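**Student:** Got a structure for you, questions after.
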Amino acid sequence: MSARELLSRRTFLSASATVAAFAAFERSGAANDRARARPNILWLVSEDNNPFIGAYGDRLAHTPAIDALAKRGALYANAFSSSPVCAPTRFGIITGMYAESCGPAHHMRAKGRTPAFLQGFPKYLRDAGYYCTNNVKTDYNAEFDMPAMWDQSSPDAHWRNRPKDAPFFAVFNFMTTHESRMFKQTPGKVRPKDVRIPAYLPDSPEVRQDIASYYNLMEQMDGEVAAHLAALESAGLAEDTIVFYYSDNGGVLPRSKRYCYDEGLRVGLVARFPPKWAHLAPAAAGSTISTPVGLIDLAPTVLTIAGLDPPAHMQGVSLVRAKRQRLPYVFGLRNRMDERYDMVRTVRDERYRYIRNYAPHRPYGQHQAFEWQMGAYRAWQSAYLAGRLNEVQARFFGEKPAEEFYDLSEDPDQVENLIDVPAHRERIAAMRAALDAHLLDINDNGFIPESSPLEGYDASRAPGAYPLKRVMQVADSAIRRDPAQAAEFTQLLRDSNEVIRFWAAQGLLMLTDRAAIAKPALEACLENDSSPQVRIIAAEALAKLGAPERSVQYLGEVLSAHPDARVRLQSLNALTFIGEPARAVLPIVERAIQSAGDEYIRSAARYLSFILRRTYTPSSPVYQGMGART
């Protein structure tokens with residue numbers, strides 16, 4: 000299938016009427032009224048939820064405000080965040096660029112190394128005369144000039160505070176459905192006996208209660224949406240304001256947030272264009288749009304609504320007046336999630352999802368302290384440890400295949416991996432190719448080990464610094480876990496490029512005891528490599544080859560003394576998967592529990608301490624956060 004054939008004619012967003020309307024506006028001579036003649040734009044943003052919404056066909060949902068908004072607007076049936084967690088996704092929302100273009104912004108809670116030209120898109124709106132407010136969450140995973148972006152960003156920020164006649168862009172973030180709200184029960188109209196249990200979860204009281212609580216929190220959040228719409232109506236601004244409702248990432252139920260399935264990436268997205276601005280709308284009121292779209296598209300969309308041309312660096316495509324064709328795909332990622340390292344890339348069309356696991360040697364369900372505060376996660380792991388799960392339910396606690404492929408129409412829970420089904424061979428090949436092209440197009444930094452000097456927009460684009468196409472070839476070979484590649488990986492341990500060496504070491508680690516040929520080279524790497532990240536992987540690989548003493552000693556030294564917290568965290572993860580031999584550095588691990596200012600190191604160290612002391616249970620108090628999580 001050619002690249003031209005990959006393009007979906009149905010997804011080419013043409014808006015000649017919009018272009019004509021703006022041309023007529025420019026010819027009207029009303030230059031002094033430019034600001035007043037532009038629509039207000041209101042974003043109502045909920046936290047951490049899938050479209051458990053009546054307008055999406057969910058019969059258990061009680062969401063009358065969002066349902067009514069959809070009847071008067073356009074509902075995007077296949078809308079997705081770029082990451083199954085907030086911070087990397089919010090980087091993309093505020094910039095229109097994928098977080099992985101500016102490493103380490105693709106990790107959960109990191110500071111992306113951005114180019115000098117990059118700024119949050121509200122700056123362009125302010126320059127055009129818009130009053131811009133944010134209430135109140137930012138979490139952009141990079142340092143941006145907040146005063147340049149927002150007239151006000153605080154709990155008091157509101158469009159009501161704008162100067163007379165100024166158009167506004169206002170954002171309101173609702174914490175009601177945030178993951179942290181799931182740590183206690185929320186009674187309401189939906190009861191535990193009413194809910195459907197996905198095939199990958201056990202049918203336990205805790206799971207049922209958490210799903211019911213989720214529905215009831217969604218109803219509460221819908222009430223907040225209703226209040227904001229009522230305020231707009233009361234102020235006489237409803238007909239002058241384009242309203243977007245969306246969630247910042249997918250849901251929080253087990254195997255949702257942080258995971259690259261639809262449950263983690265699919266969001267609700269509804270846009271209402273009042274009659275005055277119907278010429279800007281992507282479809283008639285009450286329409287459902289099945290074309291896949293991403294939250295990465297929001298920044299260019301808002302700019303085009305305001306009559307501005309999105310800057311060329313934006314990687315999303317406007318949902319209204321696109322100047323370039325849209326591929327029939329959206330893309331997603333997973334890298335470090337709090338204290339746990341992983342790497343997943345995925346691509347979705349209207350019906351199918353393809354997933355590539357770049358860390359198949361790690362289980363899906365690495366223990367993650369914050370999410371394990373949810374009763375359903377603890378119940379799930381308890382059932383696993385007790386041997387009460389079936390094969391589908393137990394899969395979460397095992398290693399991953401290199402690739403997954405799901406038909407969402409026939410298998411909405413994504414439990415039947417069709418990657419080897421001949422009937423899907425051509426489609427899988429097309430989606431593989433689309434994903435590869437995407438990674439290269441955006442210069443995906445995710446293959447670079449965290450805290451490497453190569454991370455970042457500028458550093459990763461320096462000539463010769465990050466040979467991504469070659470890196471991808473080595474990584475793709477590594478995840479196949481073919482022992483015949485051990486000799487090549489061994490050779491690559493001496494490569495001049497840090498990222499190549501890192502993935503060669505990863506390839507040997509993934510082979511475990513089938514990489515015996517590489518033991519001398521791994522020992523040399525452990526002692527001499529200039530990159531501590533490469534040495535950490537080499538240490539874990541050697542431990543898997545039956546030589547844990549020096550490996551554990553080195554990892555303990557890194558954990559004890561390395562100045563970079565993320566390098567220390569990588570050593571902790573390696574010690575965790577080495578297991579029992581890590582007992583030799585237990586005192587160092589337990590000192591790390593007191594790590595000031597780094598909740599991820601504290602939580603990872605506390606978990607490993609429980610494991611090494613053989614006192615761990617799914618209810619162990621592992622989370623060692625700094626307070627309320629946003």
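Numbering-wise, the sequence shown is residues 0 to 629 according to numbering that gives the first Met the number 0. Note that beta-carbon positions come from the ideal geometry of N, C-alpha and C, so glycine has one too. Quick caveat, the model's predicted, so the values are computed rather than measured.
Going along the chain, which residues of its own chain have a beta-carbon closer than 6 Å to the beta-carbon of F167, five neighbours each way excluded?
**Tutor:** Taking the first residue of the sequence shown as 1, we reach residue 167 at position 168. Counting only Cβ-Cβ distances below 6 Å, and skipping sequence neighbours, we find N39, Y130, W158 and R161.
**Student:** List the whole-angstrom C-beta distance separating G56 from F272, where the pair is believed to meet the contact cut-off of C-beta under 8 Å.
**Tutor:** Numbered from its first residue, the sequence shown carries residue 56 at position 57. Numbered from its first residue, the sequence shown carries residue 272 at position 273. With a Cβ gap of about 23 Å, G56 and F272 do not count as contacting.
**Student:** Going by DSSP, what residue range makes up the beta strand (DSSP E) through W42?
**Tutor:** Along the sequence shown, read from residue 1 onward, the residue named residue 42 stands at position 43. Run containing W42: N39 to S45, per the beta strand (DSSP E) assignment.
**Student:** Short check: CB of V292 to CB of L326, under 8 Å?
**Tutor:** The residue given as residue 292 occupies position 293 in the sequence shown. The residue given as residue 326 occupies position 327 in the sequence shown. Cβ distance not < 8 Å, so V292 and L326 don't count as in contact.
**Student:** Exposed or buried, H227, counting other C-beta atoms within 10 Å across all chains shown (16 or more means buried)?
**Tutor:** As a working mapping, residue 227 is identified with position 228 in the sequence shown. Answer is buried; the Cβ neighbour count reaches 16.
**Student:** Residues in the same chain with beta-carbon distance under 6 Å from S408, minus the five sequence neighbours each way, listed in chain order, please.
**Tutor:** Taking the first residue of the sequence shown as 1, we reach residue 408 at position 409. So the qualifying residues of the chain are R350.
**Student:** Can you check whether the CB of E403 is closer than 8 Å to the CB of N416?
**Tutor:** Position 417 of the sequence shown, counting from 1, holds the residue named residue 416. Position 404 of the sequence shown, counting from 1, holds the residue named residue 403. Against a cut-off of 8 Å, the Cβ pair of E403 and N416 comes out as a contact.
**Student:** Tell me D406's beta-bridge partners as DSSP assigns them.
**Tutor:** In the sequence shown, residue 406 corresponds to position 407, counting from 1. In DSSP, D406 forms a bridge with Y351.
**Student:** My assumption, with CB atoms under 8 Å, is that T175 sits in contact with E223. Please give the rounded CB distance.
**Tutor:** As a first step, residue 175 is located in the sequence shown; it is residue number 176 there, counting from the start. As a first step, residue 223 is located in the sequence shown; it is residue number 224 there, counting from the start. Confirmed, Cβ separation roughly 6 Å.
**Student:** Determine the contact status of N49 and S255, defining contact as a CB-CB distance below 8 Å.
**Tutor:** To locate residue 49, count along the sequence shown from 1; it is residue 50. To locate residue 255, count along the sequence shown from 1; it is residue 256. Result yes, Cβ atoms of N49 and S255 sit closer than 8 Å.
**Student:** What does the alpha-carbon distance come out to for the pair R333 and V266?
**Tutor:** Working through the sequence shown from its first residue, we reach residue 333 at position 334. Working through the sequence shown from its first residue, we reach residue 266 at position 267. In a straight line, the C-alpha of R333 is about 16 Å away from that of V266.
**Student:** Buried or exposed for A115, please, with buried defined as at least 16 other CB atoms from any protein chain shown within 10 angstroms of its CB.
**Tutor:** Residue 115 sits at position 116 when you count from the first residue of the sequence shown. Sixteen is the threshold: since fewer than 16 other Cβ atoms of the shown chains lie within 10 Å of the Cβ of A115, the residue is exposed.
**Student:** In angstroms, rounded to a whole number, what distance separates the CA positions of R89 and R565?
**Tutor:** One-based indexing of the sequence shown puts residue 89 at position 90. One-based indexing of the sequence shown puts residue 565 at position 566. Taking the straight line from one Cα to the other gives about 21 Å.
**Student:** Pull up the DSSP beta-bridge partners for L74, would you.
**Tutor:** Translated into positions along the sequence shown, residue 74 becomes position 75. Looking at the DSSP assignment, L74 forms a beta bridge with V269 and T287.
**Student:** Would you check if the region 143–151 and the region 333–348 touch, i.e. whether three or more CB-CB distances between them fall below 8 Å?
**Tutor:** no
**Student:** With C-beta atoms as the reference, is I295 less than 8 Å away from Q324?
**Tutor:** What you label residue 295 is simply residue 296 of the sequence shown in a count that begins at 1. What you label residue 324 is simply residue 325 of the sequence shown in a count that begins at 1. No, these two residues do not count as a Cβ contact at 8 Å.
**Student:** Given this structure, state the Cα-to-Cα distance separating Y405 from I354, to the nearest angstrom.
**Tutor:** Translated into the one-based positions of the sequence shown, residue 405 becomes position 406. Translated into the one-based positions of the sequence shown, residue 354 becomes position 355. Cα to Cα, the separation comes out at about 9 Å.
**Student:** P462: buried (16+ other C-beta within 10 angstroms of its C-beta) or exposed?
**Tutor:** Walking along the sequence shown from the start, residue 462 turns up at place 463. Flag for P462 reads exposed.
**Student:** Name the DSSP bridge partner or partners of V709?
**Tutor:** Past the boundaries of the shown model lies residue 709; the chain is included only from 0 to 629, so the question cannot be answered.
**Student:** Give every residue of the same chain whose Cβ lies closer than 6 Å to the Cβ of C85, excluding the five residues on either side of it in the sequence, and list them in chain order.
**Tutor:** For the purposes of this step, residue 85 is identified with residue 86 of the sequence shown, where counting begins at 1. Within the same chain, C85 has close Cβ partners D138, D247 and N248.
**Student:** Is it the case that the Cβ atoms of I288 and P299 are separated by a distance below 8 Å?
**Tutor:** Mapped onto the sequence shown, residue 288 falls at position 289. Mapped onto the sequence shown, residue 299 falls at position 300. Contact flag unset, no.
**Student:** Could you tell me if P309 is buried or exposed, where buried requires 16 or more neighbouring beta carbons within 10 angstroms of its beta carbon?
**Tutor:** Walking along the sequence shown from the start, residue 309 turns up at place 310. Around the CB of P309, 16 or more other CB atoms lie within 10 Å, so the residue is classed as buried.
**Student:** Nearest CA to the CA of E579: which residue from L611, I499 and R590?
**Tutor:** Taking the first residue of the sequence shown as 1, we reach residue 579 at position 580. Taking each of L611, I499 and R590 in turn and checking the Cα distance to E579, the smallest one comes out for L611.
**Student:** In the DSSP assignment, the beta strand (DSSP E) including T669 goes from what residue to what residue?
**Tutor:** As displayed, the chain neither begins before 0 nor continues past 629, which places residue 669 out of reach and without an answer.
**Student:** So what does C259 bridge to, in DSSP terms?
**Tutor:** The sequence position of residue 259 within the sequence shown is 260, counting from 1. Beta-bridge pairing links C259 to no other residue.
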